[in-house]
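In the working numbering, the protein residues as written are 11 to 189.
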């Protein structure tokens with residue numbers, strides 16, 4: 011088993027933290043994992059990307075070449091990274107992203123109201139990254155849900171554990187409504 015995952019959006023959406031948590035959840039599930047990140051020079055609003063490779067074997071190269079799973083929380087990230095998805099890969103886009111320019115490639119696309127649900131159901135858009143982890147958890151085999159939840163609770167700010175746990179569960183439930 012080997013999965014290459016790219017989380018993309020803009021600075022301030024917490025995708026770097028989400029990548030770290032995803033990698034830790036994989037390690038707690040007795041898998042190998044490596045996480046890398048990059049972001050624009052702006053603290054908020056610039057491009058942001060976290061990459062995670064998860065494997066039950068050795069990982070010899072730490073960068074995602076062709077993503078098995080691509081998460082896009084912004085239109086810009088979708089436009090930039092859609093051509094980096096493997097044939098038969100999974101693409102998760104926030105419902106604000108317009109899906110276009112897909113040529114005739116075979117991929118599974120999930121249009122999920124990640125940011126809207128964070129705002130409307132939890133009252134905090136800042137937990138969109140944790141909602142996204144819930145969505146990813148439902149589509150990614152191999153990571154134990156309880157281990158990913160444990161990684162989340164270990165990394166979020168003290169006093170926000172309950173909110174983040176609810177955000178994760180919300181994300182897990184959203185995949186049923188994705189189109």
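Built from N, CA and C at the ideal position, the CB exists for glycine as well.
Checklist entry - For the candidate residues 68, 16, 41, 174, whose alpha-carbon lies nearest to that of residue 61? => result Residue 61 has its Cα closest to that of 16, out of 68, 16, 41, 174.
Checklist entry - Nearest-angstrom Cα distance between residue 11 and residue 41? => result Cα-Cα distance, rounded: 9 Å.
Next on the checklist: Between which two residues does the beta strand (DSSP E) holding residue 13 run?
Outcome noted: 12-20 is the span of the beta strand (DSSP E), which, as asked, contains residue 13.
Next on the checklist: Output needed for residue 69: all residues of its chain with C-beta closer than 6 Å, excluding positions within five of it in sequence on either side, in chain order.
Outcome noted: Excluding residues within five positions, the ones whose Cβ falls inside 6 Å are 42, 44, 63.
Checklist entry - If residue 178 sits next to residue 144, beta carbons under 8 Å apart, how far is it from one beta carbon to the other, in whole angstroms? => result Taking the Cβ atoms as the reference, residue 178 lies roughly 5 Å from residue 144, within the contact range of under 8 Å.
Checklist entry - beta strand (DSSP E) containing residue 172: first to last residue? => result Taken as a continuous stretch (DSSP letters only), residue 172 belongs to no beta strand (DSSP E), being part of the alpha helix (DSSP H) at 171-184.
Item to check | Range of the contiguous alpha helix (DSSP H) that encloses residue 157 | outcome: Run containing residue 157: 155-165, per the alpha helix (DSSP H) assignment.
Next on the checklist: Helix, strand or coil, according to DSSP, for residue 149 in the structure here?
Outcome noted: In the structure shown, residue 149 sits in a helix (DSSP, three-state: H, G or I).
Checklist entry - Residues bridged to residue 117 by DSSP? => result Beta-bridge analysis with DSSP links residue 117 to 99.
Checklist entry - Along the chain, where does the alpha helix (DSSP H) that runs through residue 69 open and close? => result Here residue 69 belongs to no alpha helix (DSSP H), and DSSP marks it neither H nor E.
Next on the checklist: In this structure, how does DSSP classify residue 127 when only helix, strand and coil are distinguished?
Outcome noted: In this structure, residue 127 counts as helix in the three-state DSSP scheme.
Item to check | Member of 125, 128, 109, 126 whose CA lies at the smallest distance from the CA of residue 119 | outcome: With respect to the C-alpha of residue 119, the residue from 125, 128, 109, 126 having the closest C-alpha is 109.
Checklist entry - Ordered along the chain, which non-local residues of its own chain (more than five positions away) have a Cβ less than 7 Å from that of residue 39? => result These residues qualify, in order along the chain: 152, 153, 154, 157.
Next on the checklist: Using 8 Å for Cβ pairs, my map puts residue 78 next to residue 100. What's the rounded Cβ distance?
Outcome noted: Here residue 78 really is in contact with residue 100; their C-beta atoms are around 7 Å apart, less than 8 Å.
Checklist entry - Under 9 Å between the Cβ atoms of residue 159 and residue 148? => result If you check the CB distance, residue 159 and residue 148 do not come in under 9 Å.
Checklist entry - Along the chain, where does the alpha helix (DSSP H) that runs through residue 27 open and close? => result Counting along the chain, the alpha helix (DSSP H) containing residue 27 begins and ends at 25-38.
Checklist entry - Can you name the start and end residues of the alpha helix (DSSP H) that residue 86 belongs to? => result That run of the alpha helix (DSSP H) goes 85-91.
Item to check | CA nearest to the CA of residue 137, picked from 20, 84, 28 | outcome: Minimum Cα-Cα distance from residue 137 among the listed residues 20, 84, 28 corresponds to 28.
Checklist entry - Beta carbon of residue 58, beta carbon of residue 22: below 9 Å? => result Yes. Within cutoff.
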